[in-house]
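Remarks on the structure that follows.
Residue numbers (my numbering), protein chains in the order written: chain U, 1 to 256; chain V, 1001 to 1246.
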């Protein structure tokens, strides 16, 4: 039973840490310069990874889907299947998981290294609130960047799907786009894209928690990076299930 | 008649433990403004913890820590930030911010805590960097600096806000004798020219003899000797005598 009490203690600590992020993000002074620096770190530097992954995933998915749909004579549905899959689920989830790997490990390792090398103490000694200075901008950057990166993933996936389909059936771009968006409603697009802001909050908060609170010196840097990726990924998948239920509740027409 | 000395830092019966391990046991001492105190002791005897308690980066289990007439124990974050502005802290490994250049490392506290204009900040940064012999290195990142340069850069950052009290954690560790001597000279200069109180954690007995007005020796969490270098070298405590007469 001891592990259970430790688990609850851990959940409580991460919860309080996340609540502090919310409270401090609403309290001046606002760290706009740091936020802009972190947006560049989280957004710009992840863009290539997201676009290339989306493109490859889109191409591969079309190849697989085509084989199945040919059997039923439904190849005309390929663009619609591709668009709905990417906008509703694949784009948001894969973007979240990729960012948990790239950004989550980075945040965990950087903050843990700053803790081990006394840089966080140094910030405090300069009368600067290290939590507001280091943690809040990182979490906000993840919250803001994730929905935009998801859009890049979605459209890169569609492009990859189109090129794959074009090589197979020489489909015209306009026809592909028309068929792709025929079955897509705004609620299929907006709610799933915005849910990635929650994924961003999870990545930022969990990774910052492991990095900011470590007390294991150099060993803690590796642990923080690993734990950040593992727990962020797990929580994203769990949150995805809950958020989909919420979306179905708020937009019943999306529950096909 | 000389003016009465004002107390810069005072410990009153301070106790601090980590888990079951007692780090500081009823430690009391004080240091006046414009004086230099060197903290000596074997590794793990609570010297660095003492500095962190002064800067309120840690809280004691009991006792009082007074900094320039304010008890920092139990103080709120806002009041604490006002007290911290009076102090500079040179960390053991300098703790420079990796992602910022040397210039940005020094400009950060000036931008955040003063109302100086950009040209004024440039002047201060250039002056302090020149003072520590790094006038031409402002554009470099910490990763491009040697150990001695990092120490001097850390000292420059600690001095940028003209602190009344300077805390230095092993300022000469890992440095050659000449560089260590230069760092000691910079600290002495700060004390004599600006009246800064210095609290220095060190294993360098030669440096301590050169710089210190007072020496405090910690052993197993207890303050076993406190006084001038001569007084401590005649202390009844064997550890204190050995450390200072090494």
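The C-beta atom is built at its ideal place from N, Cα and C for all residues, glycine as well.
Check: When you compare only the Cα positions, how much space is there between residue 1008 of chain V and residue 139 of chain U?
Finding: In the second chain, the residue the question calls residue 1008 of chain V occupies position 8. In the first chain, the residue the question calls residue 139 of chain U occupies position 139. The alpha-carbon atoms of residue 1008 of chain V and residue 139 of chain U are separated by roughly 40 Å.
Notebook entry, point to check: Can you tell me whether residue 13 of chain U is buried or exposed, with buried defined as 16 or more other CB within 10 angstroms of its CB?
Noted result: Numbered from its first residue, the first chain carries residue 13 of chain U at position 13. Exposed: under 16 other Cβ atoms inside 10 Å.
Next item on the list: Return helix, strand or coil for residue 20 of chain U, following the three-state DSSP convention.
Entry: In the first chain, residue 20 of chain U corresponds to position 20, counting from 1. If DSSP states are grouped into helix, strand and coil, residue 20 of chain U belongs with the helices.
Check: Using the C-alpha atoms, what's the distance from residue 56 of chain U back to residue 67 of chain U?
Finding: In the first chain, residue 67 of chain U corresponds to position 67, counting from 1. In the first chain, residue 56 of chain U corresponds to position 56, counting from 1. Each residue's alpha carbon lies about 17 Å from the other.
Checklist line | Length-filtered (4 minimum) alpha helix (DSSP H) runs lying within the region 166–218 of chain U | finding: Runs found: 173–182 and 186–213.
Next item on the list: Report, in whole angstroms, the separation of the C-beta atoms of residue 1058 of chain V and residue 1049 of chain V, which I expect to be a contact under 8 Å.
Entry: Within the second chain, numbered from 1, the residue matching residue 1058 of chain V stands at position 58. Within the second chain, numbered from 1, the residue matching residue 1049 of chain V stands at position 49. Right, their Cβ atoms sit about 7 Å apart.
Check: Would you report the Cα separation of residue 1044 of chain V and residue 1209 of chain V, rounded to the nearest angstrom?
Finding: Counted from its first residue, the second chain places residue 1044 of chain V at position 44. Counted from its first residue, the second chain places residue 1209 of chain V at position 209. Computed Cα separation, rounded: 22 Å.
Item checked: Cβ pair count under 8 Å reaching 3, the region 136–154 of chain U against the region 241–249 of chain U -> In short, these stretches do not touch, since the Cβ pair count stays below three.
Item checked: Cα-Cα separation, residue 1119 of chain V to residue 160 of chain U -> Against the second chain, residue 1119 of chain V aligns to sequence position 119. Against the first chain, residue 160 of chain U aligns to sequence position 160. Near 52 Å, if we compare the C-alpha coordinates of residue 160 of chain U and residue 1119 of chain V.
Check: Hey, out of U/29, U/217 and U/204, whose CA is closest to residue 43 of chain U's CA?
Finding: In the first chain, residue 43 of chain U corresponds to position 43, counting from 1. Ranking U/29, U/217 and U/204 by Cα distance to residue 43 of chain U puts U/204 first.
Check: How about residue 83 of chain U and residue 164 of chain U: do their beta carbons lie closer than 7 Å?
Finding: Position 83 of the first chain holds residue 83 of chain U. Position 164 of the first chain holds residue 164 of chain U. A distance of 7 Å or more separates the beta carbons of residue 83 of chain U and residue 164 of chain U.
Next item on the list: Let me know the secondary structure DSSP gives residue 1128 of chain V once reduced to three states.
Entry: Working through the second chain from its first residue, we reach residue 1128 of chain V at position 128. Residue 1128 of chain V falls in the helix class under three-state DSSP.
Item checked: Any chain V beta carbon closer than 7 Å to residue 239 of chain U -> In the first chain, the residue the question calls residue 239 of chain U occupies position 239. Taking Cβ atoms only, chain V never reaches closer than 7 Å to residue 239 of chain U, which makes this a no.
Note to self: Using only CA atoms, which one of U/30, U/41 and U/94 lies nearest to residue 196 of chain U?
What the structure shows: For this step, residue 196 of chain U is matched to residue 196 along the first chain. Looking at the Cα atoms, U/94 is the closest of the given residues.
Check: Which residues in the same chain as residue 1212 of chain V place their Cβ atom closer than 7 Å to its Cβ, once the five residues preceding and following it in sequence are excluded?
Finding: Counting from 1 along the second chain, the entry for residue 1212 of chain V is found at position 212. Listed in chain order, the non-local C-beta contacts of residue 1212 of chain V below 7 Å within the same chain comprise 1036, 1037, 1038 and 1229, local neighbours out to five positions each way being set aside.
Item checked: Contacts of residue 1081 of chain V in chain U (Cβ-Cβ under 7 Å) -> Position 81 of the second chain, counted from the first residue, corresponds to residue 1081 of chain V. Residues of chain U passing the Cβ test: 127.
Notebook entry, point to check: Is it true that the region 105–123 of chain U meets the region 179–195 of chain U, where meeting means three or more beta-carbon pairs spaced less than 8 Å apart?
Noted result: Contact fails: fewer than three Cβ-Cβ distances are below 8 Å.
Check: Is there at least one Cβ from chain U nearer than 7 Å to residue 1113 of chain V's Cβ?
Finding: Within the second chain, residue 1113 of chain V is the residue found at index 113, counting from 1. It does: the Cβ of residue 1113 of chain V has a partner Cβ on chain U nearer than 7 Å.
Notebook entry, point to check: Mind checking if residue 18 of chain U is an interface residue toward chain V, Cβ cutoff 7 Å exclusive?
Noted result: Here the question's residue 18 of chain U lines up with position 18 in the first chain. Taking Cβ atoms only, chain V never reaches closer than 7 Å to residue 18 of chain U, which makes this a no.
Note to self: Between residue 124 of chain U and chain C, is the shortest Cβ-Cβ distance under 7 Å, so that the two count as touching?
What the structure shows: Absent from the structure: chain C. Protein chains present are U and V.
Next item on the list: Return the CA-CA distance between residue 77 of chain U and residue 173 of chain U, expressed in angstroms with no decimal places.
Entry: Walking along the first chain from the start, residue 77 of chain U turns up at place 77. Walking along the first chain from the start, residue 173 of chain U turns up at place 173. About 15 Å.
Next item on the list: Less than 8 Å between the CB atoms is what I'm expecting for residue 24 of chain U and residue 131 of chain U, so what's the real figure, rounded?
Entry: What you label residue 24 of chain U is simply residue 24 of the first chain in a count that begins at 1. What you label residue 131 of chain U is simply residue 131 of the first chain in a count that begins at 1. That belief holds up - the Cβ atoms of residue 24 of chain U and residue 131 of chain U are roughly 6 Å apart, short of 8 Å.
Item checked: Spatially closest choice to residue 65 of chain U from U/81, U/206, U/91 and U/51, by CA coordinates -> Residue numbering aside, residue 65 of chain U sits at position 65 when the first chain is read from its first letter. Closest option to residue 65 of chain U, judged by alpha-carbon separation, among U/81, U/206, U/91 and U/51: U/81.
Next item on the list: Give me the Cβ distance between residue 176 of chain U and residue 162 of chain U, rounded to the nearest whole Å; I'm assuming they're in contact under 8 Å.
Entry: Along the first chain, one-based indexing puts residue 176 of chain U at 176. Along the first chain, one-based indexing puts residue 162 of chain U at 162. About 5 Å separates the Cβ atoms of residue 176 of chain U and residue 162 of chain U, confirming a contact at the 8 Å cut-off.
Next item on the list: State the Cα-Cα distance for the pair residue 1103 of chain V and residue 118 of chain U, rounded to the nearest angstrom.
Entry: Here residue 1103 of chain V is taken as the residue at index 103 of the second chain, counted from 1. Here residue 118 of chain U is taken as the residue at index 118 of the first chain, counted from 1. Distance between the alpha carbons of residue 1103 of chain V and residue 118 of chain U is about 19 Å.
Notebook entry, point to check: Do the region 1010–1023 of chain V and the region 1183–1202 of chain V meet, that is, are 3 or more Cβ pairs less than 8 Å apart?
Noted result: Fewer than three pairs of CB atoms, one per stretch, sit closer than 8 Å, so the region 1010–1023 of chain V makes no contact with the region 1183–1202 of chain V.
Next item on the list: Following the continuous alpha helix (DSSP H) through residue 61 of chain U, name the residue where it begins and the one where it ends.
Entry: The count along the first chain starts at 1 and reaches residue 61 of chain U at position 61. Its alpha helix (DSSP H) spans residues 45–71.
Check: For residue 240 of chain U, does the three-state DSSP call read helix, strand or coil?
Finding: Here residue 240 of chain U corresponds to residue number 240 of the first chain, with the count starting at 1. Here residue 240 of chain U sits in helix by DSSP.
Note to self: Tell me the rounded alpha-carbon separation between residue 1194 of chain V and residue 1220 of chain V.
What the structure shows: As a working mapping, residue 1194 of chain V is identified with position 194 in the second chain. As a working mapping, residue 1220 of chain V is identified with position 220 in the second chain. About 35 Å.
Item checked: Limits of the alpha helix (DSSP H) - the one that residue 1105 of chain V falls within -> For this step, residue 1105 of chain V is matched to residue 105 along the second chain. Bounds of the alpha helix (DSSP H) holding residue 1105 of chain V are 1102–1113.
Next item on the list: Going by CA-CA distance only, name the one from V/1180, V/1046, V/1072 and V/1171 that's closest to residue 1202 of chain V.
Entry: Counted from its first residue, the second chain places residue 1202 of chain V at position 202. Selected option, being the one with the closest Cα: V/1171.
Checklist line | Neighbour-count burial assignment, residue 252 of chain U, 16 or more Cβ in a 10 Å radius | finding: Along the first chain, one-based indexing puts residue 252 of chain U at 252. Classification of residue 252 of chain U: exposed, given that the 10 Å Cβ count is below 16.
Next item on the list: With 9 Å as the limit, tell me which residues of the region 1087–1104 of chain V have their beta carbon closer than that to any beta carbon of chain U; keep them in chain order.
Entry: The region 1087–1104 of chain V vs chain U, Cβ under 9 Å: 1087, 1088, 1089, 1091, 1092, 1093, 1094, 1095, 1096, 1097, 1098 and 1099.
Notebook entry, point to check: Relative to the alpha-carbon of residue 106 of chain U, which residue among U/45, U/4 and U/6 has its alpha-carbon at the smallest distance?
Noted result: On the first chain, residue 106 of chain U is found 106 positions in, with the first residue counted as 1. Minimum Cα distance to residue 106 of chain U is reached at U/45.
Item checked: Inter-residue Cα distance where the pair is residue 202 of chain U and residue 151 of chain U -> Position 202 of the first chain, counted from the start, is the residue given in the question as residue 202 of chain U. Position 151 of the first chain, counted from the start, is the residue given in the question as residue 151 of chain U. About 19 Å.
Notebook entry, point to check: Near residue 1052 of chain V, which residues of its chain fall below 6 Å by C-beta distance, leaving aside the five closest residues on each side in sequence?
Noted result: Counting from one through the second chain, the residue named residue 1052 of chain V turns up at place 52. Only 1058 meet the Cβ criterion.
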